[in-house]
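Each protein sequence line maps, in turn, to chains X and R.
All letters in the first sequence, in the order written, are residues 33 to 327 by my numbering.
All letters in the second sequence, in the order written, are residues 39 to 396 by my numbering.
All C-beta atoms, glycine included, are put in the ideal place defined by N, C-alpha and C.
Fair warning: this is a prediction, and the values are worked out from it, not measured in the lab.
Here is the structure we will look at, set down as structure tokens.
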Amino acid sequence: MGQFLQAAAYGIVQGGLLALVAVGFSLVWGVMNVINFSHGAFAVTGAYVAWLMSQRFGLDPFLAIPIVAIALFGFGYVIQRGLINLIINAPIFLTLLLTFGLNLVILNGLQLLFTSDDRTIDTSYASQSFALGVVNVPYGRLAACFLAIVITVALALVMTRTRLGHAIGATGMDRGAARLMGIRARHIYAVTFGIAAALAGIAGTMIATVGSFNPTTTPGQLTLDAFVISVLGGLGNMYGALVGGLVLGIAESIGGLLLTGTWVNAIAMAVLIAVLIIRPSGLIGKAQYSGRVEV
Amino acid sequence: MSAGSDPGSPAAVLQRPHRTRVQVFVDWVRSRRPANSWPALLGLAGFAAMLVLQQLIEPGTQRLLTAVFMFVALAQAWNLIGGYTGYASFGQVAFFGLGAYTVAVLMNNYHVSFWLAMPVAILAGVLFAVLIGVPLLRLRGHYFAIATLGAAEGLREVVNNLTPITGGGLGITIPTFGDQVPTPYFGKPGFYLAFLVLAAASVAVCALLARSRFGYAMVAVNEDQEAAGAVGINTTLVKVVAFAVSAAIVACAGALYAFQQIEFYPTDVFDASFTVLMVIMVMIGGSGTIAGPLAGAVGLELLSQFLRVNLGAYNQLIFGAIIVVVVVFFPQGVVNYFREALRSREFSVLGNVRRYRL
Numbered sequence: 033m034g035q036f037l038q039a040a041a042y043g044i045v046q047g048g049l050l051a052l053v054a055v056g057f058s059l060v061w062g063v064m065n066v067i068n069f070s071h072g073a074f075a076v077t078g079a080y081v082a083w084l085m086s087q088r089f090g091l092d093p094f095l096a097i098p099i100v101a102i103a104l105f106g107f108g109y110v111i112q113r114g115l116i117n118l119i120i121n122a123p124i125f126l127t128l129l130l131t132f133g134l135n136l137v138i139l140n141g142l143q144l145l146f147t148s149d150d151r152t153i154d155t156s157y158a159s160q161s162f163a164l165g166v167v168n169v170p171y172g173r174l175a176a177c178f179l180a181i182v183i184t185v186a187l188a189l190v191m192t193r194t195r196l197g198h199a200i201g202a203t204g205m206d207r208g209a210a211r212l213m214g215i216r217a218r219h220i221y222a223v224t225f226g227i228a229a230a231l232a233g234i235a236g237t238m239i240a241t242v243g244s245f246n247p248t249t250t251p252g253q254l255t256l257d258a259f260v261i262s263v264l265g266g267l268g269n270m271y272g273a274l275v276g277g278l279v280l281g282i283a284e285s286i287g288g289l290l291l292t293g294t295w296v297n298a299i300a301m302a303v304l305i306a307v308l309i310i311r312p313s314g315l316i317g318k319a320q321y322s323g324r325v326e327v
Numbered sequence: 039m040s041a042g043s044d045p046g047s048p049a050a051v052l053q054r055p056h057r058t059r060v061q062v063f064v065d066w067v068r069s070r071r072p073a074n075s076w077p078a079l080l081g082l083a084g085f086a087a088m089l090v091l092q093q094l095i096e097p098g099t100q101r102l103l104t105a106v107f108m109f110v111a112l113a114q115a116w117n118l119i120g121g122y123t124g125y126a127s128f129g130q131v132a133f134f135g136l137g138a139y140t141v142a143v144l145m146n147n148y149h150v151s152f153w154l155a156m157p158v159a160i161l162a163g164v165l166f167a168v169l170i171g172v173p174l175l176r177l178r179g180h181y182f183a184i185a186t187l188g189a190a191e192g193l194r195e196v197v198n199n200l201t202p203i204t205g206g207g208l209g210i211t212i213p214t215f216g217d218q219v220p221t222p223y224f225g226k227p228g229f230y231l232a233f234l235v236l237a238a239a240s241v242a243v244c245a246l247l248a249r250s251r252f253g254y255a256m257v258a259v260n261e262d263q264e265a266a267g268a269v270g271i272n273t274t275l276v277k278v279v280a281f282a283v284s285a286a287i288v289a290c291a292g293a294l295y296a297f298q299q300i301e302f303y304p305t306d307v308f309d310a311s312f313t314v315l316m317v318i319m320v321m322i323g324g325s326g327t328i329a330g331p332l333a334g335a336v337g338l339e340l341l342s343q344f345l346r347v348n349l350g351a352y353n354q355l356i357f358g359a360i361i362v363v364v365v366v367f368f369p370q371g372v373v374n375y376f377r378e379a380l381r382s383r384e385f386s387v388l389g390n391v392r393r394y395r396l
């Protein structure tokens, strides 16, 4: 029993972290119908920014978050404004191809700059944990999970309560109509991508704090996780990524306890396909997003 | 000359003496000849040129071209389902891995000849395509893409965990020496020929399919599925058949690749970058054409090999940058760009960019 509780607790904190990775990916997919293949690369870029801050100035990763967010927002804004906007009217898989190329450029650039060694941001508290009954809860992961929830709620509030959020939502629903209402679609798309990049960067920072990262294997795994979580949770709802992340996190940790080898991965993919066939709009997503082919 | 002496007139045909079976056959062949036969002639010339070229180059270069031929076949296969039918599969590598492992398991565990194992591998690919195609081809756009990606990742994990049969993560080896060898190893010249034939057959199959009634059905499904269904096309059948033919070609490539590699791991033959390369080659060359995937596969594979040899650590960086630039300047694919440009006499690349930007 204790084993199960421990696995569930680990699954929840891991799920929160995964949700933070996926929320920006899901936002970009929902608003622009762009699958950002380089999402994991943005997360790892953020991790390197925080790692540099920690190495050079001894800055705590949680304090480095604003710097990471601003740097990645700027990076994302420029990428969308200067590159992705150029082909947004082309067939949908072109954007995927473009971000694949971008992914290669960013990751190989990082590899040349920082080598492909595993890196981690050392803190005094990340590996510490406290006992909650029979369950051990690590401080670092708990804080990361808490941060993920706070950011998701904040993003949902921005999307539903502010002019910017309404502009993003409107552009996602009908770009032509939104432009006629005076919304600068180019700018709004760039801001959306910037927000997604900033969130990815924050997630990368958290991953670097509670675990390790490298520019070769980490980004691909993160992009795939974000993909799966976005489908599980569904698009068009900011809490979709949170639900999807928690489901994936808990399923993986409990599955890892019950099954030998990597069967858990095969089961995860079977569940993913079943969700797609039975309920393509995801657990709490909006149905309109699952049928569309073009923006 | 009077009308009555015209050999093609109905009266002349009726008065003509009885024709032999050979004459009837020759006439039938002439009537079947397409109006525009230069693509077929060009294809044959290319095939012959590659056969001659093999005699002139050393085995190392043959190995390089072998990879090019494999990607020609893979890109043509992807184009059937992703280009013509419009269902971008991100799991075609599942059939590649399935073909590779079918051959390896049969040859290693049961000492079956390669020539028997390869058709079984193709059959396995077709069966798996029908099995996952029927439910998954109901999904559209990115959702079909992620579902097929999931199927490929899932299949890799199954192969990875069925250790008693597949060897699991430790990999599998096809026996190539000793007296118990099921089929002697082909060597570099042998594989050059094998992959050349595969590439030529893929191009021919795709070209014939594209020009047939079935080809028009695929394009109709791509452009408007509801309308295609309304005019009497069985859209499910068209999609599943396109998916299965594509899977057959990919599985055959996987089977040959397995024998060529001798020893491999699940991560090698289920590597998602195979799928991504197929997509990129088709998209950059020009999807929904025969020349597009051909040009894309040859161009990108040669470019990637060139960069790998000459640029060392920077090769992937430059390769990525080139993909970005080509995608931005030729969003519809290089072949489609030139086709449109020749028709409209509008060669401005910047004008081309302007059409797709926001």
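Span separating the alpha-carbon of valine 167 of chain X from that of isoleucine 210 of chain R: Taking the first sequence and counting its residues from 1, the one referred to as residue 167 of chain X is at position 135. Taking the second sequence and counting its residues from 1, the one referred to as residue 210 of chain R is at position 172. The alpha-carbon separation between valine 167 of chain X and isoleucine 210 of chain R amounts to approximately 42 Å.
Just the C-alpha distance for alanine 185 of chain R and arginine 194 of chain R, rounded to the nearest angstrom, thanks. Here residue 185 of chain R refers to the residue found at position 147 of the second sequence. Here residue 194 of chain R refers to the residue found at position 156 of the second sequence. Taking the straight line from one Cα to the other gives about 14 Å.
Valine 167 of chain X - containing beta strand (DSSP E), residue span: For the purposes of this step, residue 167 of chain X is taken as the residue at position 135 of the first sequence. Looking at the DSSP string, the run of the beta strand (DSSP E) that includes valine 167 of chain X is 167-170.
Mind checking whether glycine 358 of chain R and valine 76 of chain X have CB atoms under 8 Å apart? Taking the first residue of the second sequence as position 1, residue 358 of chain R is located at position 320. Taking the first residue of the first sequence as position 1, residue 76 of chain X is located at position 44. For glycine 358 of chain R and valine 76 of chain X, no; Cβs fall outside 8 Å.
Element boundaries [beta strand (DSSP E), containing leucine 164 of chain X]: Against the first sequence, residue 164 of chain X aligns to sequence position 132. Here the beta strand (DSSP E) through leucine 164 of chain X covers 161-164.
So glycine 192 of chain R contacts chain X; which residues on that side make the cut at Cβ distance below 9 Å? Taking the first residue of the second sequence as position 1, residue 192 of chain R is located at position 154. Asn297, Ala298, Ile299, Ala300, Met301, Ala302, Leu304, Ile305, listed in chain order.
Just checking proline 123 of chain X against the ligand SAH - is the residue's beta carbon closer than 7 Å to any of the ligand's heavy atoms? Absent from the structure shown: the ligand SAH. Ligands present: none.
Is it a yes or a no for the segment 303-313 of chain X touching the segment 88-95 of chain X, going by three-plus beta-carbon pairs under 8 Å? Proximity of the segment 303-313 of chain X to the segment 88-95 of chain X falls short of the contact definition, fewer than three beta-carbon pairs being nearer than 8 Å.
Note down, in chain order, all residues in the segment 248-279 of chain X with a beta-carbon under 9 Å from any beta-carbon belonging to chain R. So the close ones are Gly252, Leu256, Phe259, Val260, Ser262, Val263.
What is the DSSP secondary structure of glutamate 301 of chain R, reduced to helix, strand or coil? By one-based count along the second sequence, residue 301 of chain R stands at place 263. Three-state result, glutamate 301 of chain R: strand.
What separation, rounded to the nearest whole angstrom, lies between the Cα atoms of leucine 208 of chain R and glycine 43 of chain X? To locate residue 208 of chain R, count along the second sequence from 1; it is residue 170. To locate residue 43 of chain X, count along the first sequence from 1; it is residue 11. Counting only the Cα atoms, glycine 43 of chain X lies some 29 Å from leucine 208 of chain R.
I'd like the list of long-range same chain contacts for valine 275 of chain X, defined as Cβ closer than 7 Å, with 5 residues on each side in sequence excluded. Taking the first residue of the first sequence as position 1, residue 275 of chain X is located at position 243. Once the five neighbours on either side are set aside, the close Cβ partners of valine 275 of chain X are Gly265, Leu315, Ile316.
Would phenylalanine 385 of chain R and phenylalanine 152 of chain R be called neighbours here (beta carbons separated by less than 8 Å)? The residue labelled residue 385 of chain R in the question sits at position 347 within the second sequence. The residue labelled residue 152 of chain R in the question sits at position 114 within the second sequence. Contact: no.
For phenylalanine 162 of chain X, collect the residues of the same chain with a Cβ closer than 8 Å to its Cβ; drop the 5 residues on either side in sequence, then sort them by chain order. For the purposes of this step, residue 162 of chain X is taken as the residue at position 130 of the first sequence. Cβ within range, chain order: Asn168, Val169, Tyr171.
Unbroken stretches of the alpha helix (DSSP H), 4 residues or longer, contained in the segment 215-298 of chain X: Taking 4 residues as the minimum length, the alpha helix (DSSP H) runs contained wholly in the segment 215-298 of chain X are 217-242, 250-265, 272-290, in order along the chain.
If we require 4 or more residues per run, which alpha helix (DSSP H) segments fall completely within the segment 156-209 of chain R? Restricted to the segment 156-209 of chain R, the alpha helix (DSSP H) segments that are unbroken, complete and at least 4 residues in length are 179-199, 201-204, listed in chain order.
Which residues mark the beginning and the end of the alpha helix (DSSP H) in which tyrosine 80 of chain X is found? Residue 80 of chain X sits at position 48 when you count from the first residue of the first sequence. For tyrosine 80 of chain X, the enclosing alpha helix (DSSP H) has its first and last residue at 71-89.
At the level of alpha carbons, what is the spacing between isoleucine 261 of chain X and alanine 273 of chain X? For the purposes of this step, residue 261 of chain X is taken as residue 229 along the first sequence, with counting starting at 1. For the purposes of this step, residue 273 of chain X is taken as residue 241 along the first sequence, with counting starting at 1. Their Cα atoms are separated by approximately 6 Å.
Taking CB distances under 8 Å as the criterion, tell me whether methionine 319 of chain R reaches chain X. Taking the first residue of the second sequence as 1, we reach residue 319 of chain R at position 281. No, methionine 319 of chain R lies away from the interface with chain X (no Cβ there is under 8 Å from its Cβ).
Residue burial classification, tryptophan 116 of chain R (beta-carbon count within 10 angstroms, cutoff 16): By one-based count along the second sequence, residue 116 of chain R stands at place 78. Tryptophan 116 of chain R is buried by the Cβ-count criterion.
I'd like to know whether the C-beta atoms of phenylalanine 69 of chain X and asparagine 140 of chain X end up nearer to each other than 8 Å. One-based indexing of the first sequence puts residue 69 of chain X at position 37. One-based indexing of the first sequence puts residue 140 of chain X at position 108. No, Cβ-Cβ distance for phenylalanine 69 of chain X and asparagine 140 of chain X is not below 8 Å.
So, is the C-beta of isoleucine 203 of chain R closer than 8 Å to a C-beta in chain X? As a position in the second sequence, residue 203 of chain R is number 165, starting the count at 1. Isoleucine 203 of chain R does not count as touching chain X.
Mind checking if valine 137 of chain X is an interface residue toward chain R, Cβ cutoff 8 Å exclusive? By 1-based counting over the first sequence, the position of residue 137 of chain X is 105. Any Cβ of chain R closer than 8 Å to the Cβ of valine 137 of chain X would place that residue at the interface, and such an atom is present.
Between which two residues does the alpha helix (DSSP H) harbouring phenylalanine 128 of chain R extend? Within the second sequence, the letter at position 90 stands for residue 128 of chain R. Where phenylalanine 128 of chain R is concerned, there is no enclosing alpha helix (DSSP H), given that its DSSP letter is neither H nor E.
8 Å contact criterion, which alanine 291 of chain R and leucine 112 of chain R should meet: CB distance rounded: What you label residue 291 of chain R is simply residue 253 of the second sequence in a count that begins at 1. What you label residue 112 of chain R is simply residue 74 of the second sequence in a count that begins at 1. The pair is a contact, with the Cβ atoms about 6 Å apart (cut-off 8 Å).
DSSP state of threonine 123 of chain R, grouped into three classes? Within the second sequence, numbered from 1, the residue matching residue 123 of chain R stands at position 85. Coil.
Residues of the segment 161-179 of chain R with a CB closer than 9 Å to any CB of chain X: list them in chain order, please. Cβ contacts with chain X come from Ile170, Pro173, Leu174, Arg176, Leu177, Arg178, Gly179.
Residue of X:Thr203, X:Pro251, X:Ala199, X:Ala54 minimising C-alpha distance to methionine 270 of chain X: Here residue 270 of chain X refers to the residue found at position 238 when the first sequence is read from its first residue. Selected option, being the one with the closest Cα: X:Ala54.
Against proline 98 of chain X, what residues of chain R qualify as contacts under a CB-to-CB distance less than 8 Å, listed in chain order? Looking up residue 98 of chain X in the first sequence gives position 66. Chain R residues near proline 98 of chain X: none, gap ~30 Å exceeds 8 Å.
Does any residue of chain X bring its CB to less than 8 Å from the CB of glutamate 339 of chain R? Within the second sequence, numbered from 1, the residue matching residue 339 of chain R stands at position 301. Answer no: the Cβ-Cβ gap between glutamate 339 of chain R and chain X never drops below 8 Å.
Hey, does isoleucine 184 of chain R have any beta-carbon neighbour from chain X nearer than 8 Å? As a first step, residue 184 of chain R is located in the second sequence; it is residue number 146 there, counting from the start. With 8 Å as the cut-off, isoleucine 184 of chain R counts as an interface residue toward chain X.
Could you check where the alpha helix (DSSP H) with histidine 198 of chain X kicks off and where it finishes? Taking the first sequence and counting its residues from 1, the one referred to as residue 198 of chain X is at position 166. DSSP places histidine 198 of chain X inside the alpha helix (DSSP H), whose first and last residues are 195-205.
Endpoints, the alpha helix (DSSP H) within which phenylalanine 215 of chain R is located: As a position in the second sequence, residue 215 of chain R is number 177, starting the count at 1. That residue, phenylalanine 215 of chain R, is in no alpha helix (DSSP H); it is neither H nor E in DSSP.
Using the rule of at least 16 other Cβ atoms within 10 Å of the residue's Cβ for burial, across every protein chain shown, is methionine 256 of chain R buried or exposed? In the second sequence, residue 256 of chain R corresponds to position 218, counting from 1. The residue in question, methionine 256 of chain R, is buried, as its Cβ has 16 or more Cβ neighbours within 10 Å.
Using the rule of at least 16 other Cβ atoms within 10 Å of the residue's Cβ for burial, across every protein chain shown, is leucine 246 of chain R buried or exposed? As a working note, residue 246 of chain R is residue 208 in the second sequence. So leucine 246 of chain R counts as exposed.
What do you get for serine 240 of chain R, buried or exposed, if any count of 16 or more other CB atoms within 10 angstroms of its CB means buried? Within the second sequence, residue 240 of chain R is the residue found at index 202, counting from 1. Under the 10 Å beta carbon count, serine 240 of chain R is surrounded by 16 or more other beta carbons and is classified as buried.
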